[in-house]
Every structure is written in C-alpha cells, then in structure tokens.
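Chemist: The sequence shown: position 94 = 94 (my numbering), numbered continuously.
Where is the CB? At the ideal position from N, CA and C, for every residue including glycine.
It should be emphasised that the depicted structure is a prediction, and the values quoted were computed from it without experimental measurement.
Below you will find the structure I want to go over with you.
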Amino acid sequence: MSGIEKTNTAPGTPGKYVALGLFIFTAIVGSLFIYLGPKATEKTPGILHVGIRFANEHMVEFTQYSKTGPGARIEFIAADGSIPHSVERLAMGRNLVPISNLSDGLYTVRLSSEDYISVEMPMIAEGRMLNPPKDAQFSHGTHADYNMIGVRFAPKVGLRK
Numbered sequence: 001m002s003g004i005e006k007t008n009t010a011p012g013t014p015g016k017y018v019a020l021g022l023f024i025f026t027a028i029v030g031s032l033f034i035y036l037g038p039k040a041t042e043k044t045p046g047i048l049h050v051g052i053r054f055a056n057e058h059m060v061e062f063t064q065y066s067k068t069g070p071g072a073r074i075e076f077i078a079a080d081g082s083i084p085h086s087v088e089r090l091a092m093g094r095n096l097v098p099i100s101n102l103s104d105g106l107y108t109v110r111l112s113s114e115d116y117i118s119v120e121m122p123m124i125a126e127g128r129m130l131n132p133p134k135d136a137q138f139s140h141g142t143h144a145d146y147n148m149i150g151v152r153f154a155p156k157v158g159l160r161k
C-alpha cells in the first residue's frame with residue numbers, strides 16, 4: 001500500500017451521529033426558548049423608539065446648538081391631565097425611552113423642544129406596548145406606529161437668537 005494506511009474503515013457512520021446530535025441539541029435549545037421566552041419578556045420594560053429631527057437642522061442658524069441639537073422632552077399626559085412619565089434631554093436621532101411605569105389607557109404624548117413648535121399625538125398604552133389609535137391623524141412630519149414615534153420639529157416663526 002505504499003506506506004499510507006486507511007484509518008476510517010466505515011465511511012459515513014460518524015456523519016450520521018453528528019447530524020443526529022445536532023438535531024437533538026437544536027430540539028433541546030428550541031424547547032428551552034419556547035418554555036422560558038415568555039417568562040423572560042414579562043420582566044423587561046417596554047421600550048419606545050423616539051426619532052427626533054429638526055426642519056432647519058441643515059441651516060446656518062442651527063449651528064448655535066451642539067451636534068445633538070437643542071434637546072427635546074417627551075411627556076405622557078393621562079386623561080385626567082396628570083403627567084405620570086416624562087423624559088428630558090432627548091437628542092437628535094434615535095432615542096430609547098422606557099415605558100414600563102405607564103398604566104393601560106389613552107394618553108396624549110407631547111414632544112417639545114425649545115424654539116420649536118410642540119407636537120401632540122394620541123397613544124394607547126397596553127402592557128408594554130404603545131400604539132396610536134387606528135383612526136389617528138398626525139401632523140405633517142410626524143409618524144407613530146407600534147412602540148415608535150418619529151417627529152420633525154418645525155421652528156417657531158420669527159424667532160432668532
């Protein structure tokens with residue numbers, strides 16, 4: 001045999017065991033995800049994605065602010081007029097806002113920024129989800145969807161520093 005010995009005398013047999021082992025491992029991991037998944041997500045807070053842009057962010061006047069913009073504030077206004085939750089110092093771009101301490105019900109979400117026109121929109125809180133009503137109409141430059149709000153602030157007219 002010219003000095004080369006064949007070490008594997010049963011071709012294909014180890015491959016069957018590897019495939020069977022991977023199949024069993026996948027079944028075990030998948031069943032753990034199915035069993036433990038709902039328990040893990042019950043404890044995590046809901047996260048609202050808030051996107052903020054400014055209509056004049058490419059203008060020379062906007063250079064008076066830092067690269068994150070003038071900052072913004074989001075307030076969740078309950079039906080009785082109270083504000084159970086608010087977050088300040090939202091930056092230009094995408095912001096992640098926890099909504100775990102909101103009780104279920106209808107809220108008016110107000111987004112405001114210094115020197116810009118405030119935006120209000122209705123939202124319904126259900127557990128860790130925040131959704132707009134099905135028939136909600138939003139102002140130009142505003143969008144809302146499941147746990148997501150997008151706003152383009154317009155500057156107040158005639159206001160210059």
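Could you tell me whether the stretch 100-113 touches the stretch 68-81, using the rule of 3 or more Cβ pairs below 8 Å?
Modeler: Touching, per the Cβ criterion.
Chemist: Can you confirm whether the stretch 120-131 touches the stretch 25-33 when touching is taken to mean that 3 or more C-beta pairs between the two stretches lie within less than 8 Å?
Modeler: Counting Cβ pairs under 8 Å, fewer than three are found: no touch.
Chemist: Which partner residues of Phe54 appear in the DSSP bridge assignment?
Modeler: Answer is Phe153.
Chemist: Ala136 to Arg128, Cα distance in whole Å?
Modeler: The alpha-carbon atoms of Ala136 and Arg128 are separated by roughly 20 Å.
Chemist: Taking Ile48 as the reference, which of His143, Leu96, Lys16, Pro70 has the closest Cα?
Modeler: Reading off the sequence, residue 48 comes out as Leu, not Ile. Minimum Cα distance to Leu48 is reached at Leu96.
Chemist: Leaving out five residues before and five after Ile117 in sequence, what residues of the same chain have Cβ atoms less than 7 Å from its Cβ?
Modeler: The answer, listed in chain order, is Phe153, Ala154, Lys156.
Chemist: Could you tell me the alpha carbon to alpha carbon distance between Arg89 and Leu20, rounded to whole angstroms?
Modeler: Distance between the alpha carbons of Arg89 and Leu20: 54 Å.
Chemist: Under three-state DSSP, which class holds Pro14?
Modeler: In this structure, Pro14 counts as helix in the three-state DSSP scheme.
Chemist: Which ranges would you report for the beta strand (DSSP E) in the stretch 51-100 if only whole runs of at least 3 residues count?
Modeler: Whole beta strand (DSSP E) segments, 3+ residues: 72-77, 85-90, 93-98.
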